[in-house]
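Protein chains: 2
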Amino acid sequence: MSELPGEFALIARHFRPLAAPEGLGLGDDAAFLIPPPGRELVLSADAMVEGVHFLPADPPDLVARKLLRVNLSDLAAKGAAPLGYLLTLAAPRATPDAWFAAFAAGLAADQTRYGIGLYGGDTTSTPGPITLSLTILGTVAPGTAVRRAGARAGYGIWVSGTIGDAALGLAALQGRLADPTGALAARYRLPEPRLGLVRAELVAACLDVSDGLVQDLGHLCRAGGVSDGGVDGGGVGAEIEAALVPRSAAARAAGPAWLATCLTGGDDYEVLMAVPPEHEPALAGLSTTVPLTRIGRFVAGPAVVRVRDETGAAMMLDHGGWSHFG
Amino acid sequence: MSELPGEFALIARHFRPLAAPEGLGLGDDAAFLIPPPGRELVLSADAMVEGVHFLPADPPDLVARKLLRVNLSDLAAKGAAPLGYLLTLAAPRATPDAWFAAFAAGLAADQTRYGIGLYGGDTTSTPGPITLSLTILGTVAPGTAVRRAGARAGYGIWVSGTIGDAALGLAALQGRLADPTGALAARYRLPEPRLGLVRAELVAACLDVSDGLVQDLGHLCRAGGVSDGGVDGGGVGAEIEAALVPRSAAARAAGPAWLATCLTGGDDYEVLMAVPPEHEPALAGLSTTVPLTRIGRFVAGPAVVRVRDETGAAMMLDHGGWSHFG
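Residue numbers (my numbering), protein chains in the order written: chain W, 1 to 326; chain G, 1001 to 1326.
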């Protein structure tokens, strides 16, 4: 009875080296964290399922890094700095040890990149696909978190980076689209969380584009506006111009038939921001490394997103983004 | 585009009513928590997979409550008080709305019982079994968390409640054992986290019994003892007497053939404690509602668990508990 059962040997081999000091070497049932004094905690959790959020052939290190980064992207959209994370992992019993080794190596690489560590979690078997869940913790100065609520009629709609590459990358990996440089597939497999970009003094509301630009903009609309009582949430409309939505050279090369996929495909992990007009000049000059682009504006009216094509006509999209149910 | 896609309508219908104030009605990508001043945070995450941790026929409200309670049990073993939780849920697209309704009702019932709320999470589809992951947050006064490390030779081994009912309940639900009153199945489906029982001034080390009494006692042994340098972790042995391990009337009625299952079956969610001799009288008198039983003691030597039968002979167990891999 002194030998470690397989599950715990696996954890010791692959995950213990990732533990933050708060995680006690993953040798306890819990992590113990003294919250940074004077900071507000920001918490988010996202799951990823093999065959739904990533492909069985995706390299395990990139799966791990994507899992971490989609959660870091939520912190980025709130203007928060990351602290650490908990991970639960369900995998078939036959999963080779090399898969775990590569998965842990991916986590290790991004832990170093983002200065975070593993607090704890759980490893379990499953008769189904690999299913991952990650809870991330970050902090902001009290009162400076940027929320979904806060968009008002007249505010500009801004987005970071380029939109659509990841959705086209999925199409490329599925053999539906050429991707000669591999740039599109790379964006699908490894998002770039925009940490440090969103600042409460310039941005009134924000979220990260995960399910599709149009659908996620709808979330800002529903959470925005001002009710009769003057509080958030009366709803606000949005108008964007498809031609203004920033697309990479590779995405433009795919041609106009793929425009709708770019606008609704998701997996972008760019930040989508509502910016009061007086702050737009400052925002425009904020970053020299990540392009920030104004794609439209919020307008008075119900929480409806209108997308105009180059002629000014309304584009018909059969859906706004990705929905897991219904 | 103003109508909520199915996924978000489902979240609004079933999970928004569960949101803690910090969860912003689940209408944001993150929760915002001002940590209770002067408290240390305790974090834990556990996953549950249909067909592994619960049965497809288990009532969804009990599945939800078990998920919450196995995580609360981790807090209980650390002497922590619960704050709130994040939940990720992967379910097949065909999962009926009634399943989600019952699942949420189970969470609501136990949220009230334990005074906690939902901070956030993620709902996703899966081609596989229902897979749940929960991250729980609790607090302790700084320095009063009870860890796995801390057992020393001479300390008593104590356990709360009764051991084995849940493992026998699983056997009953699988048709391998009679369970005329349903008491065993009830313990499998709905554990009772022992919140408020473990106190740092009496208990040197603790964990909750989830994978099997003998295996989990091995964790206390490996984390315990004193190394040459005087720090935790040199390892310590344990001796328990099978006849002292508290079993319910229903478990005793199953007969001696099921004793090994009780000792190694797991899912008990009782607390297993290392108690210095000078604190054993106080611990014995601590609770009038939950029995606390001394089942053996830690002994000098390597981190090996010995189980003695009624004649004093060593019991041969083919495994100490449940391992998901290897």
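For each residue, glycine too, the CB sits at the ideal point set by N, CA and C.
Boundaries of the beta strand (DSSP E) harbouring S125 of chain W: 117 to 125, taken from the DSSP string. The C-alpha of C262 of chain W lies about 18 Å from the C-alpha of P193 of chain W. Within its own chain, the residues whose Cβ lies closer than 7 Å to the Cβ of G150 of chain W, once the five positions on either side in sequence are excluded, are A204, A205, G224, D232, A274, listed in chain order.
By the neighbour-count definition (other C-beta atoms within 10 Å, threshold 16), D1318 of chain G is an exposed residue. I1157 of chain G is positioned such that its CB atom lies closer than 8 Å to that of R1297 of chain G. Within the region 43 to 71 of chain W, the residues whose Cβ lies closer than 9 Å to any Cβ of chain G are, in chain order, L43, S44, A45, D46, A47, M48, V49, E50, G51, V52, H53. In this structure, A45 of chain W sits away from S1044 of chain G, with a CB-CB distance that is not shorter than 8 Å. Sequence-distant Cβ neighbours of A1167 of chain G in its own chain, meaning closer than 7 Å and more than five residues away, are T1261, C1262, G1265, G1266, D1267. For the alpha helix (DSSP H) assignment, the uninterrupted runs of no fewer than 4 residues enclosed by the region 150 to 212 of chain W are, from N- to C-terminal side, 165 to 173, 183 to 189. Counting only Cβ-Cβ distances below 8 Å, I1034 of chain G has contacts in chain W at E40, L41, P142, in chain order. For P1082 of chain G, not one C-beta of chain W is nearer than 8 Å to its own C-beta. With respect to the 8 Å criterion, Q1111 of chain G and G1120 of chain G are not classified as neighbours on the basis of their beta carbons. Three or more Cβ pairs closer than 8 Å define a contact, and the region 1060 to 1079 of chain G meets that threshold against the region 1124 to 1136 of chain G. Beta-bridge partners of V307 of chain W (DSSP): W:I240. If the five residues before and after H279 of chain W are omitted, its C-beta is found closer than 7 Å to the C-beta atoms of L202, all from its own chain and listed in chain order.
Sequence-distant partners of I130 of chain W (beyond 5 residues in either direction) whose C-beta falls short of 6 Å from its own C-beta, in its chain, are E50, A91.
The contact set of Y1119 of chain G on chain W, defined by CB atoms closer than 7 Å, consists of L43 in chain order. Against chain G, a Cβ distance below 9 Å from L207 of chain W picks out D1028, D1029.
Interface with chain W (8 Å Cβ-Cβ cutoff): L1292 of chain G is excluded. Residue range 1006 to 1010 is occupied by the alpha helix (DSSP H) that includes G1006 of chain G. When only Cα atoms are considered, A1242 of chain G and V1226 of chain G end up about 27 Å apart.
Counting of Cβ neighbours within 10 angstroms places P82 of chain W among the buried residues, the total reaching 16 or more. For the region 1145 to 1157 of chain G, the residues whose beta carbon sits under 7 Å from a beta carbon of chain W are, in order, A1145, R1147, R1148. P129 of chain W has a beta carbon lying within less than 8 Å of a beta carbon in chain G. Judged by DSSP in its simplified three-state form, T1264 of chain G adopts helix.
Counting only Cβ-Cβ distances below 7 Å, A90 of chain W has contacts in chain G at A1047, V1049, T1131, in chain order. In this structure, L1075 of chain G lies near V1042 of chain G, with their beta-carbon atoms less than 8 Å apart.
Taking V1214 of chain G as the centre and dropping the five residues before and after it, the same chain places the C-beta of L1263, T1264, V1305, V1307, L1317, G1320, G1321 closer than 7 Å to its C-beta, in chain order. P1036 of chain G and V290 of chain W have their C-alpha atoms roughly 37 Å apart. The CB of D122 of chain W comes closer than 7 Å to the CB of A1045, D1046, A1047 in chain G, given here in chain order. If the five residues before and after T1095 of chain G are omitted, its C-beta is found closer than 8 Å to the C-beta atoms of I1130, all from its own chain and listed in chain order. Scanning its chain for C-beta atoms nearer than 8 Å, with the 5 sequence neighbours on each side dropped, one finds around P1017 of chain G the residues A1104, A1108, in chain order. Chain G places no beta carbon closer than 8 Å to that of S160 of chain W, leaving this residue out of the contacts. Taking a 10 Å sphere around the C-beta of G1255 of chain G, we find fewer than 16 other C-beta atoms and assign the residue as exposed. Within chain G, V1049, V1052, G1128, P1129, T1131 have C-beta atoms less than 7 Å from the C-beta of T126 of chain W, given in sequence order. Shown here, L55 of chain W sits in coil according to DSSP, grouped into three states, outside any helix or strand.
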